[in-house]
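Each remark here refers to the structure printed beneath this line.
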Amino acid sequence: MTSIPKSNEIVFVKNYYNMLCNRPSLIHQYYMKDSQITINKETGKPEICTEDFGKYIKSKISSPISKVFISHLSCQKTDDLKSIINVIGQFVYSDLTQVRIAHQFIVSKIDSTLYIKNEILTFLDEEVVYETESDAKRVVAVLCGKNSMLQAAGVISEFGKIISIKLENDDRVVMTLNSAEDVENIKRNAAKIVSQGYKLELDGLKI
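Here the working numbering is used: the first residue of the sequence shown is 152, the next is one more, and so on.
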């Protein structure tokens with residue numbers, strides 16, 4: 152196997168999308184000899200790719216991806232070595248066009264590294280729900296510490312409605328809230344959030 156970072160399911164998603172955006176020519180490193188991929192439009196006829204995965208992905212995603220927004224991320228273990236990961240989100244291309252996606256992975260753990268056994272990527276026929284330029288007054292950055300992204304989202308959602316979630320390279324989770332009032336509510340409850348092992352960046356403040 153080619154060397155890629157050791158990770159859990161949440162970190163796998165972050166690293167996979169980072170490579171898809173920044174080093175797509177190396178994305179084949181995540182696949183095994185017996186992997187299977189399906190990439191298709193919602194209304195298209197599904198097909199299965201079993202070889203030349205990097206070439207197949209390039210043929211289906213012809214425009215460079217600059218950002219990936221994640222609105223939902225969940226995972227379940229099927230056994231000690233395999234997990235199912237489900238992502239709903241949005242690709243933002245370099246030309247600023249966007250598309251909603253549903254993305255499922257079955258990953259296998261080999262020497263503490265997760266590789267893709269099965270993958271289905273569907274381009275959804277629905278309206279884009281996030282703006283590429285987020286209103287700074289509605290954005291909260293969370294450093295999770297020992298907590299997972301899902302745990303962080305759960306804590307923040309107690310104090311405001313999350314519209315989008317983005318994983319950044321420096322291990323920050325950037326969340327766009329529904330309104331500036333939601334951010335103010337998070338600011339008022341910052342002590343409760345920080346006491347659970349998080350650090351916050353919002354409205355020009357680091358807490």
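The C-beta atom is built at its ideal place from N, Cα and C for all residues, glycine as well.
Limits of the alpha helix (DSSP H) - the one that residue i falls within
i    : result
E332 : 331-339
I307 : 300-307
Cβ-Cβ distance between residue i and residue j below 8 Å
i    : j    : result
S210 : C172 : no
Y168 : V243 : no
V325 : D354 : no
A292 : E352 : yes
V164 : I236 : yes
I252 : T273 : yes
S176 : G205 : yes
R323 : L294 : yes
E270 : I212 : no
K233 : S259 : yes
C226 : E309 : no
Residue interval of the beta strand (DSSP E) (run including residue i)
i    : result
T264 : 264-274
I313 : 313-318
K350 : 350-353
R323 : 323-328
Cβ separation of residue i and residue j, assumed to be a contact under 8 Å, to the nearest whole Å
i    : j    : result
G195 : S222 : G195 to S222, Cβ: 22 Å. No contact.
I208 : I190 : 7 Å
Q314 : N329 : According to the sequence displayed, residue 314 carries Ile and not Gln. Confirmed, Cβ separation roughly 6 Å.
Y349 : V290 : Going by Cβ atoms, the distance from Y349 to V290 rounds to 15 Å, so no, they are not a contact pair.
L275 : E193 : 5 Å
A331 : K288 : 4 Å
Cβ of residue i within 8 Å of any chain C Cβ
i    : result
N191 : As a matter of chain content, chain C is missing from the structure shown, which is built from one protein chain.
Kindly confirm or deny that the segment 251-268 and the segment 298-306 touch, where touching means at least three C-beta pairs closer than 8 Å.
-> Contact annotation: the segment 251-268 does not touch the segment 298-306, with fewer than three C-beta pairs closer than 8 Å.
task = Decide yes or no for the touch test of the segment 199-207 against the segment 244-252: beta carbon pairs closer than 8 Å, at least 3 of them.
result = The segment 199-207 vs the segment 244-252: no contact.
**Prompt:** Enumerated in chain order, which unbroken segments of the alpha helix (DSSP H) with a length of 4 residues or greater are wholly contained in the segment 174-223?
**Reply:** With a minimum length of 4 residues, the continuous alpha helix (DSSP H) runs that stay inside the segment 174-223 are 204-211.
_beta strand (DSSP E) runs wholly inside the segment 222-262, at least 3 long, in chain order_ = For the segment 222-262, the full-length beta strand (DSSP E) segments reaching 3 residues or more read 233-244, 249-261 along the chain.
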